[in-house]
Amino acid sequence: MAEIGVASNLTKEAVVEEIGRTTPGREAQVQVFLHRSVPPDQVARVARDLVDAARHEVSDATPVPVVGRTSKLAKSFALTADIGVLRALAACSDVEAILPDNLPDILIRPRPSTRRPEDW
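Going by my numbering, the first residue of the sequence shown is number 14, and it counts up by one from there.
(1) Mapping the DSSP letters down to three states, classify Ala74 as helix, strand or coil.
(2) Please check the pair Ser89 and Leu47, which I expect to be a contact at CB under 8 angstroms, by giving their CB distance rounded to whole angstroms.
(3) Who pairs with Ser84 in a beta bridge, going by DSSP?
(4) To the nearest angstrom, report how far apart Ala67 and Leu86 are at their CA atoms.
(5) If you drop the 5 nearest sequence neighbours on each side, which residues of the same chain put their C-beta closer than 6 angstroms to that of Ala41?
(6) Apart from the five residues on each side of it in sequence, which residues of its chain come closer than 7 angstroms, Cβ to Cβ, to Ala103?
(7) For Glu16, count neighbouring Cβ atoms within 10 angstroms of its own Cβ and tell me buried if that reaches 16, exposed if not.
(8) Cutting at 7 angstroms between CB atoms, please list the residues of its own chain near Glu70, excluding the five before and the five after it.
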């Protein structure tokens, strides 16, 4: 299977730096996606282990990160954490991608039809 290229502004490191610029001094809410090699039934455990390791790597004085909802299907988890923890996670090989929580929806929204049934 061919690899799909990632835009330079969507790399883990670039996203984390942008989050750092937009939320200075505050904890950020992100969605973290794990590498495809992580088994679906291990997503929650791996998420906790990675976040704990990242926090201890930065400093034990860092506010405790909050791991939110996990998704086995997407191999992802919601996270509220300090920017230092996010930087440490971005350097981790088990983390595939980090995206901010405030991205606009990408789903197509239905619009009211202007066609009447008799026009069909």
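The beta carbon of each residue, even a glycine, is placed where N, CA and C say it ideally should be.
Values in this document were obtained by computation on a predicted structure and should not be read as measured data.
Result, derived from the coordinates:
(1) The residue given as residue 74 occupies position 61 in the sequence shown. Taken through DSSP and simplified to helix, strand or coil, Ala74 comes out as coil.
(2) Taking the sequence shown and counting its residues from 1, the one referred to as residue 89 is at position 76. Taking the sequence shown and counting its residues from 1, the one referred to as residue 47 is at position 34. That pair is a contact at about 7 angstroms.
(3) As a working note, residue 84 is residue 71 in the sequence shown. Looking at the DSSP assignment, Ser84 forms a beta bridge with Ser89.
(4) The sequence position of residue 67 within the sequence shown is 54, counting from 1. The sequence position of residue 86 within the sequence shown is 73, counting from 1. Those two C-alpha atoms are separated by around 24 angstroms.
(5) Against the sequence shown, residue 41 aligns to sequence position 28. The residues are Ile32.
(6) If you number the sequence shown from 1, residue 103 lands on position 90. The residues are Lys25, Glu26, Val29 and Ile111.
(7) Within the sequence shown, residue 16 is the residue found at index 3, counting from 1. With a pLDDT of 46 at Glu16, under the threshold of 50, the modelled position of this residue cannot be trusted; read the value that follows with caution. Exposed, because fewer than 16 other Cβ atoms sit within 10 Å of the Cβ of Glu16.
(8) The count along the sequence shown starts at 1 and reaches residue 70 at position 57. Answer for Glu70: Ala101, listed in chain order.
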